[in-house]
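Engineer: Let me give you the structure first, and then I'll get to my questions.
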Amino acid sequence: DGRKVDAWRDVRVNVGSISTANGSSLVRIGDSTIVCGVKAEIAEPELESPNEGFIVPNLDLPAICSPKFRPGPPAEEAQMLSEKINDILTSSSAIDPKTLCIHPGKAVWVIYVDAVCINYDGNILDATMLAVLAALQNAKIPVATYDPDTERTTCSRTATVPLALTHMPITTSFGVFDKTHLISDPSSFEEPLLDATITVTVDISSGTLGGINQVGFSAPSATLETITQRAIAHSKTLAEILVEAKSIA
Numbered sequence: 003d004g005r006k007v008d009a010w011r012d013v014r015v016n017v018g019s020i021s022t023a024n025g026s027s028l029v030r031i032g033d034s035t036i037v038c039g040v041k042a043e044i045a046e047p048e049l050e051s052p053n054e055g056f057i058v059p060n061l062d063l064p065a066i067c068s069p070k071f072r073p074g075p076p077a078e079e080a081q082m083l084s085e086k087i088n089d090i091l092t093s094s095s096a097i098d099p100k101t102l103c104i105h106p107g108k109a110v111w112v113i114y115v116d117a118v119c120i121n122y123d124g125n126i127l128d129a130t131m132l133a134v135l136a137a138l139q140n141a142k143i144p145v146a147t148y149d150p151d152t153e154r155t156t157c158s159r160t161a162t163v164p165l166a167l168t169h170m171p172i173t174t175s176f177g178v179f180d181k182t183h184l185i186s187d188p189s190s191f192e193e194p195l196l197d198a199t200i201t202v203t204v205d206i207s208s209g210t211l212g213g214i215n216q217v218g219f220s221a222p223s224a225t226l227e228t229i230t231q232r233a234i235a236h237s238k239t240l241a242e243i244l245v246e247a248k249s250i251a
């Protein structure tokens with residue numbers, strides 16, 4: 003697409019455009035486009051964790067977003083990415099599940115985070131993670147109270163509180179071509195040509211490294227060091243974009 007191998011595609015983030023959701027976002031990385039909505043519902047907690055709520059992320063890759071996907075059941079790639087996003091949110095403690103408790107053993111919040119790919123042009127994990135964080139950051143849930151006498155939970159129609167994000171895990175992905183060339187933010191044209199894909203997770207709330215995941219060719223330590231430095235630098239840019247999107251919502 004005409005970029006240098008270490009250059010990133012343009013990133014654009016808008017939040018709050020879906021009025022029927024508790025929070026929402028629209029993210030574009032190059033031509034890859036993700037819409038994400040957050041919906042909060044009340045449920046009973048699990049017996050082994052009576053004071054913890056849930057966060058349930060899901061990514062849909064419909065046939066309309068790319069010729070590589072067919073109509074029908076969820077694509078395998080969508081399921082794998084949904085699991086990956088859930089792992090990142092859980093392992094990073096992005097939201098403390100205890101903050102989602104309304105009344106221990108009786109009522110907790112379930113936060114559904116549904117992302118849909120509108121246009122697929124590669125590096126969908128990074129685009130989806132950014133959309134998920136932007137939507138969660140934009141989300142507000144009603145103030146809820148549980149009445150032990152009636153065993154019912156009541157939600158305020160006017161009073162809301164923002165979700166408490168304790169960590170902000172951002173992913174930045176790279177491709178290794180011909181086992182020597184390192185490509186930042188691979189496009190859909192570049193992805194099938196790669197020997198490996200390497201994803202770095204950085205917590206932008208603290209600037210700390212969250213982890214490195216490699217698929218395919220095992221890159222040498224020098225390459226991983228270069229990737230880590232690039233990822234940390236790029237995560238600062240993404241953090242600034244999220245702050246700006248939140249401020250103008």
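In this text, residue positions in the sequence shown follow this note's numbering: the first is 3, and each later residue adds one.
Ideal Cβ positions, reconstructed from N, Cα and C, are used throughout, including at glycine.
Exposed or buried, aspartate 123, counting other C-beta atoms within 10 Å across all chains shown (16 or more means buried)?
Structural biologist: buried
Engineer: So the candidates are Ile214, Thr173, Leu91, Ser158; which of them puts its Cα closest to the Cα of serine 237?
Structural biologist: Checked all of Ile214, Thr173, Leu91, Ser158; the closest Cα to serine 237 is Thr173.
Engineer: Where does serine 249 land, buried or exposed, given buried means 16+ other C-beta within 10 angstroms?
Structural biologist: Label assigned to serine 249: exposed.
Engineer: Please give the ranges of any beta strand (DSSP E) in the segment 153-201, keeping only runs that are unbroken, at least 3 residues long and fully inside the region.
Structural biologist: 154-164, 171-179, 183-186
Engineer: For asparagine 24, does the three-state DSSP call read helix, strand or coil?
Structural biologist: Look at asparagine 24 here: in three-state DSSP terms it is coil, with no helix or strand label.
Engineer: Could you tell me how far apart the beta carbons of isoleucine 57 and valine 115 are, in whole angstroms, since I believe they sit closer than 8 Å?
Structural biologist: 7 Å
Engineer: What's the gap between the Cα of alanine 224 and the Cα of isoleucine 87?
Structural biologist: 27 Å
Engineer: List the endpoints of the continuous alpha helix (DSSP H) containing threonine 35.
Structural biologist: Where threonine 35 is concerned, there is no enclosing alpha helix (DSSP H), although the beta strand (DSSP E) it sits in stretches over 34-45.
Engineer: Enumerated in chain order, which unbroken segments of the beta strand (DSSP E) with a length of 3 residues or greater are wholly contained in the segment 123-149?
Structural biologist: 142-149
Engineer: DSSP has phenylalanine 71 in a bridge; who is on the other side?
Structural biologist: Bridge partners of phenylalanine 71 according to DSSP: none are assigned.
Engineer: What separation, rounded to the nearest whole angstrom, lies between the Cα atoms of phenylalanine 191 and cysteine 67?
Structural biologist: 15 Å
Engineer: Tell me the DSSP secondary structure of aspartate 62 in three-state form.
Structural biologist: strand
Engineer: Rounding to the nearest angstrom, what Cα-Cα distance links aspartate 89 and leucine 102 in this structure?
Structural biologist: 18 Å
Engineer: Determine the contact status of valine 29 and isoleucine 20, defining contact as a CB-CB distance below 8 Å.
Structural biologist: no
Engineer: Per DSSP, what kind of secondary structure is serine 19 in: helix, strand or coil?
Structural biologist: Coil at serine 19, not helix or strand.
Engineer: Mind the definition here: the segment 103-113 touches the segment 155-174 only if three or more C-beta pairs lie below 8 Å; say whether that holds.
Structural biologist: yes
Engineer: Using a threshold of 8 Å, state whether the C-beta atoms of cysteine 119 and aspartate 205 are closer than that.
Structural biologist: no
Engineer: Nearest-angstrom Cα distance between aspartate 128 and glutamate 48?
Structural biologist: 31 Å
Engineer: Quick check: the Cα distance between alanine 233 and valine 163, rounded to an integer number of angstroms?
Structural biologist: Using only the alpha carbons, I get a separation of about 32 Å.
Engineer: Flag this pair as yes or no: are the beta carbons of asparagine 215 and threonine 230 separated by less than 8 Å?
Structural biologist: Not a contact, by the Cβ cut-off of 8 Å.
Engineer: Starting from the Cα of alanine 198, find the closest Cα among Ser175, Val245, Ser27 and give me that residue.
Structural biologist: Ser175
Engineer: My output table needs one value for glutamate 50: the three-state DSSP class, helix, strand or coil.
Structural biologist: coil
Engineer: So what's isoleucine 113 in DSSP terms, helix, strand or just coil?
Structural biologist: strand
Engineer: For serine 207, which option in Ala65, Glu85, His183, Ile97 has the closest C-alpha, if you only look at C-alpha atoms?
Structural biologist: Ile97
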